[in-house]
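Have a look at the structure below before the remarks.
Protein chains in written order, with the numbering used here: chain B, 167 to 454; chain X, 186 to 553.
Set out below in structure tokens:
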């Protein structure tokens with residue numbers, strides 16, 4: 167098993183004919199992902215690596231049975247693309263696009279919930295279940311099939327950590343890049359719940375960052391609901407404090423959001439913390 | 186983008202929210218048409234200006250002129266005061282707090298209102314700050330407004346005025362893609378109704394393309410940061426002396442953390458992002474050189490990014506222009522062996538692990 171994606175996902179790529187689209191359709195096909203369609207308005211009839219391109223998601227779904235979308239369109243068109251996917255019956259939407267206005271993200275995150283769809287991202291590298299499917303821009307070479315689930319708010323840092331797991335022979339069930347934006351669809355809590363239920367996953371690695379309270383929320387959730395061992399790394403222990411969001415930011419955070427607060431919360435939840443990103447692999451190895 | 190108080194108040198005015206009569210003043214003549222006493226307020230994109238002497242009252246034109254000369258050019262937490270807003274003084278009956286911001290955990294706009302507005306709002310206990318979350322799919326509804334104002338001790342007329350302001354602020358928050366709209370204090374005046382005495386408005390940078398009426402001012406950036414922003418490179422200057430170049434924000438932050446662990450200190454934070462375009466790498470390296478770090482630490486993980494392409498960019502800058510500080514590199518991922526050869530060839534130090542590289546960089550920089 168795995169979480170969120172496996173060999174049953176049939177992927178339509180929105181923004182298929184751009185530079186990124188063409189490159190990553192090739193990479194995904196090489197990984198074994200079932201990429202069945204591309205969408206670029208006005209480009210129906212073209213092919214990308216043999217994958218047919220349609221004018222809209224509805225046509226792609228009708229013709230190919232696509233059930234999953236990868237959104238690669240530019241930021242200002244991303245809201246429209248996600249809404250189109252959701253309204254065409256797509257149940258898993260992976261949004262890679264960065265710099266999406268957060269009011270747009272807020273709207274489509276809630277619409278996805280209303281449509282009972284899984285939304286991953288935005289501003290994320292995507293998701294991969296090794297041996298099954300990879301939906302996104304994660305490099306295929308870093309993965310190995312196995313039993314560790316990875317959920318991360320970062321991009322390259324995830325690659326680094328997953329790669330170091332692989333070098334120790336530790337495989338992964340699913341690696342999900344949740345995205346670095348303030349507003350994201352799938353959260354640490356959603357990923358933890360899914361990993362807890364997944365029989366194949368024996369341990370979970372979380373890669374967090376300063377800002378927001380996602381790590382503190384996750385820690386609280388782990389104490390209450392997660393029985394599998396959890397390992398974590400938090401980036402930004404020495405980063406400069408972010409911009410201040412008026413008094414309102416301070417009132418909501420009430421001291422949360424800093425690396426110190428996140429580390430304390432994870433320690434309290436019995437999560438094993440790594441000092442360096444590459445140490446995570448050592449911690450997992452020691453445990454198993 | 187953080188707006189100045191006067192820019193925020195222009196938006197308030199556009200949305201029908203009362204603000205005191207006032208205008209930007211540069212000299213004595215500008216005070217014509219203003220009634221005294223008035224208040225002069227330094228326009229800086231940072232809080233705490235009152236305590237720093239950036240707000241002064243004036244009783245007449247002569248007094249105002251003198252106070253203006255004191256405030257203009259003043260340095261408030263690193264920001265030089267270039268604009269001053271003069272406003273007619275309003276008699277205050279009660280100070281409230283009102284804000285709408287983004288709640289990241291709930292992924293919804295959050296309305297907060299308190300009857301205890303003013304300077305010390307952050308120490309007001311949670312039970313005296315009334316909150317309502319608005320699902321963006323339905324937008325603000327009367328029940329949200331009732332939810333926050335029913336708990337305020339106000340008479341009927343003031344309550345109605347505050348309710349209207351909450352709806353208007355939400356509209357502004359939504360239509361201008363704001364991260365924050367904050368009014369502290371929102372006042373019940375003695376004779377002029379309910380008014381916004383201050384404004385804090387932050388517009389989401391990613392949505393600025395929809396708001397061409399707002400003129401962006403890059404006041405919070407250093408000259409090098411401004412240069413970087415124009416080139417589309419993520420670049421932040423810090424206090425230390427080690428220049429960090431990495432790809433991806435998370436990896437860059439983790440690199441700074443590793444340096445701190447070995448008593449080094451990051452001086453510049455340069456995130457190459459997903460690029461391996463040699464041109465962009467060259468631009469980034471040139472920016473880094475201008476920041477004059479004692480050591481440069483290049484930490485790269487090649488996933489999709491090809492390490493050797495980045496290495497080629499680095500090598501061409503160094504062979505063309507030379508470099509006057511040591512460069513420690515740590516390369517991992519796609520085409521790492523080829524990249525290491527290129528960098529060695531350029532005379533750079535290649536370390537094997539992140540820890541090793543961080544330790545050597547910190548030692549060469551001579552500690553924090």
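From the three backbone atoms N, C-alpha and C, an ideal C-beta is built for every residue, glycine too. Keep in mind it's a predicted model, so treat the numbers as computed, not measured.
### Message
At the 8 Å Cβ level, is residue 316 of chain B part of the contact set with chain X, yes or no?
### Response
Working through the first chain from its first residue, we reach residue 316 of chain B at position 150. Put simply, the CB of residue 316 of chain B is far from chain X, with every gap to its CB atoms at 8 Å or more.
#### Entry: Cα-Cα separation, residue 578 of chain X to residue 384 of chain X
Nothing about residue 578 of chain X can be read from this structure; chain X reaches only from 186 to 553.
### Task
Identify the contact partners of residue 212 of chain X in chain B, using a Cβ-Cβ distance below 8 Å as the criterion.
Translated into positions along the second chain, residue 212 of chain X becomes position 27. Taking a Cβ-Cβ threshold of 8 Å, none of the residues of chain B is close to residue 212 of chain X; the smallest such distance is about 31 Å.
### Message
Relative to the C-alpha of residue 546 of chain X, which candidate in X/240, X/523, X/443 and X/509 has its C-alpha closest?
### Response
Position 361 of the second chain holds residue 546 of chain X. It is X/443 whose Cα lies nearest to the Cα of residue 546 of chain X.
### Task
Tell me, please, whether the region 294–301 of chain B touches the region 309–318 of chain B by the rule of three or more beta-carbon pairs shorter than 8 Å.
The region 294–301 of chain B vs the region 309–318 of chain B: in contact.
### Task
Determine the burial state of residue 519 of chain X: buried for a count of at least 16 other Cβ atoms within 10 Å of its Cβ, exposed for fewer.
In the second chain, the residue the question calls residue 519 of chain X occupies position 334. Classification for residue 519 of chain X: buried.
#### Entry: chain B within 8 Å of residue 553 of chain X, Cβ atoms only
One-based indexing of the second chain puts residue 553 of chain X at position 368. With a pLDDT of 44 at residue 553 of chain X, under the threshold of 50, the modelled position of this residue cannot be trusted, and the question is left open.
#### Entry: In chain order, each beta strand (DSSP E) run of at least 3 residues that lies wholly inside the region 307–332 of chain X
Listed in chain order, they are 314–318.
### Query
Under 8 Å between the Cβ atoms of residue 284 of chain B and residue 258 of chain B?
Here residue 284 of chain B is taken as the residue at index 118 of the first chain, counted from 1. Here residue 258 of chain B is taken as the residue at index 92 of the first chain, counted from 1. Going by C-beta atoms, residue 284 of chain B is nearer than 8 Å to residue 258 of chain B.
#### Entry: CA-to-CA distance, residue 266 of chain B to residue 244 of chain B, given in whole angstroms
If you number the first chain from 1, residue 244 of chain B lands on position 78. If you number the first chain from 1, residue 266 of chain B lands on position 100. Distance between the alpha carbons of residue 244 of chain B and residue 266 of chain B is about 7 Å.
### Task
State yes or no: is the C-beta of residue 236 of chain X within less than 8 Å of the C-beta of residue 243 of chain X?
Along the second chain, one-based indexing puts residue 236 of chain X at 51. Along the second chain, one-based indexing puts residue 243 of chain X at 58. Cβ distance not < 8 Å, so residue 236 of chain X and residue 243 of chain X don't count as in contact.
### Message
So, at 6 Å on beta carbons, what are the nonlocal neighbours of residue 389 of chain B in its own chain, with the 5 sequence-adjacent residues on each side left out?
### Response
Reading the first chain from its first residue, position 223 is the one you call residue 389 of chain B. Within the same chain, Cβ atoms closer than 6 Å to the Cβ of residue 389 of chain B are found at 435, the five residues on either side in sequence being excluded.
### Per-residue burial, residue 323 of chain X [other beta carbons within 10 Å of its own, 16 or more giving buried]
Locating residue 323 of chain X in the second chain gives position 138, where the first residue counts as 1. With fewer than 16 other beta carbons inside 10 angstroms of its own, residue 323 of chain X counts as exposed.
### Query
Excluding sequence positions up to five away, which residues of its chain have a Cβ less than 7 Å from the Cβ of residue 231 of chain X?
Along the second chain, read from residue 1 onward, the residue named residue 231 of chain X stands at position 46. Here residue 231 of chain X has 261, 262 and 264 as same chain residues with Cβ atoms under 7 Å from its own Cβ, once five neighbours each way along the sequence are excluded.
### Span of the beta strand (DSSP E) around residue 288 of chain X
The count along the second chain starts at 1 and reaches residue 288 of chain X at position 103. In the DSSP annotation of this structure, the continuous segment of the beta strand (DSSP E) that includes residue 288 of chain X starts and ends at 277–288.
### Task
Taking residue 456 of chain X as part of the beta strand (DSSP E), name the residues at either end of that continuous run.
Translated into positions along the second chain, residue 456 of chain X becomes position 271. For residue 456 of chain X, the enclosing beta strand (DSSP E) has its first and last residue at 451–456.
### Within chain X, partners of residue 401 of chain B - CB distance below 7 Å
Within the first chain, numbered from 1, the residue matching residue 401 of chain B stands at position 235. Under the 7 Å cutoff, chain X gives 435, 438, 439 and 442.
### Query
Just to confirm, are residue 254 of chain B and residue 223 of chain B a CB contact at a threshold of 8 Å?
The sequence position of residue 254 of chain B within the first chain is 88, counting from 1. The sequence position of residue 223 of chain B within the first chain is 57, counting from 1. Contact flag set, yes.
### Where the alpha helix (DSSP H) through residue 429 of chain X begins and ends
Position 244 of the second chain, counted from the start, is the residue given in the question as residue 429 of chain X. No alpha helix (DSSP H) holds residue 429 of chain X; the beta strand (DSSP E) holding it covers 427–431.
### Query
How long is the line joining the alpha carbons of residue 497 of chain X and residue 462 of chain X, rounded to whole angstroms?
Here residue 497 of chain X refers to the residue found at position 312 when the second chain is read from its first residue. Here residue 462 of chain X refers to the residue found at position 277 when the second chain is read from its first residue. If I take the Cα positions, the gap works out to 10 Å.
### Task
Below 8 Å on the Cβ atoms is my guess for residue 369 of chain X versus residue 436 of chain X; work out the distance and round it to an integer in Å.
Against the second chain, residue 369 of chain X aligns to sequence position 184. Against the second chain, residue 436 of chain X aligns to sequence position 251. About 38 Å separates the two Cβ atoms, so there is no contact after all.
### Task
If I'm right that residue 350 of chain B touches residue 272 of chain B with Cβ under 8 Å, what's the distance once you round it to whole angstroms?
Translated into positions along the first chain, residue 350 of chain B becomes position 184. Translated into positions along the first chain, residue 272 of chain B becomes position 106. Under the criterion of beta carbons closer than 8 Å, residue 350 of chain B and residue 272 of chain B do not qualify as touching, at roughly 10 Å.
### Task
For residue 508 of chain X, name the three-state secondary structure that DSSP assigns.
By 1-based counting over the second chain, the position of residue 508 of chain X is 323. Reduced to three states, the DSSP call for residue 508 of chain X is coil.
### Task
Output the distance between the C-alpha atoms of residue 553 of chain X and residue 300 of chain X, rounded to the nearest integer angstrom.
Against the second chain, residue 553 of chain X aligns to sequence position 368. Against the second chain, residue 300 of chain X aligns to sequence position 115. Low confidence applies to residue 553 of chain X: its pLDDT is 44, below 50, so where it sits in the model is not reliable, and the reading given next is rough at best. Using only the alpha carbons, I get a separation of about 46 Å.
### Message
Is there a Cβ of chain B sitting closer than 8 Å to that of residue 446 of chain X, yes or no?
### Response
Here residue 446 of chain X refers to the residue found at position 261 of the second chain. Answer yes: the Cβ-Cβ gap between residue 446 of chain X and chain B drops below 8 Å somewhere.
### Task
Identify whether residue 546 of chain X lies in helix, strand or coil by the three-state DSSP scheme.
Working through the second chain from its first residue, we reach residue 546 of chain X at position 361. If DSSP states are grouped into helix, strand and coil, residue 546 of chain X belongs with the helices.
### Query
If we count Cβ pairs, one from each stretch, closer than 8 Å, do we get three or more for the region 401–420 of chain X versus the region 504–520 of chain X?
The region 401–420 of chain X makes no contact with the region 504–520 of chain X, as fewer than three CB pairs between them are under 8 Å.
#### Entry: Buried versus exposed call for residue 329 of chain X [16 or more other C-beta atoms within 10 Å across all chains shown]
For the purposes of this step, residue 329 of chain X is taken as residue 144 along the second chain, with counting starting at 1. Per the 10 Å Cβ criterion, buried.
#### Entry: Beta-carbon proximity list for residue 196 of chain X, same chain, < 7 Å, skipping 5 on both sides
The sequence position of residue 196 of chain X within the second chain is 11, counting from 1. If you ignore the 5 residues before and after residue 196 of chain X, its C-beta comes within less than 7 Å of the C-beta of 357, 361 and 386, all in its own chain and listed in chain order.
#### Entry: Span of the beta strand (DSSP E) around residue 338 of chain B
Against the first chain, residue 338 of chain B aligns to sequence position 172. Where residue 338 of chain B is concerned, the enclosing beta strand (DSSP E) stretches over 338–343.
### Task
Flag this pair as yes or no: are the beta carbons of residue 224 of chain X and residue 272 of chain X separated by less than 8 Å?
The residue you call residue 224 of chain X lines up with position 39 of the second chain. The residue you call residue 272 of chain X lines up with position 87 of the second chain. Yes, these two residues count as a Cβ contact at 8 Å.
### Query
Roughly how many angstroms lie between the CA atoms of residue 290 of chain X and residue 246 of chain X, to the nearest whole one?
What you label residue 290 of chain X is simply residue 105 of the second chain in a count that begins at 1. What you label residue 246 of chain X is simply residue 61 of the second chain in a count that begins at 1. In this structure, the alpha-carbon of residue 290 of chain X lies about 50 Å from that of residue 246 of chain X.
### Query
Within 8 Å (strictly less), CB to CB, does residue 209 of chain X reach chain B?
Looking up residue 209 of chain X in the second chain gives position 24. Not closer than 8 Å to any Cβ of chain B, the Cβ of residue 209 of chain X fails to qualify, so no.
### Query
At a CB-CB cut-off below 8 Å, which residues of chain X make contact with residue 379 of chain B?
Within the first chain, numbered from 1, the residue matching residue 379 of chain B stands at position 213. Chain-order list of chain X residues neighbouring residue 379 of chain B: 289 and 290, by C-beta distance under 8 Å.
### Task
Just mark residue 282 of chain X as buried or exposed, buried being the case when its beta carbon has 16 or more other beta carbons within 10 Å.
For the purposes of this step, residue 282 of chain X is taken as residue 97 along the second chain, with counting starting at 1. Residue environment analysis places residue 282 of chain X among the buried positions, since at least 16 neighbouring C-beta atoms fall within 10 angstroms of its C-beta.
### Message
Quick check on the DSSP output: the alpha helix (DSSP H) that includes residue 384 of chain X runs from which residue to which?
### Response
Locating residue 384 of chain X in the second chain gives position 199, where the first residue counts as 1. Counting along the chain, residue 384 of chain X falls outside any alpha helix (DSSP H), and DSSP gives it neither H nor E.
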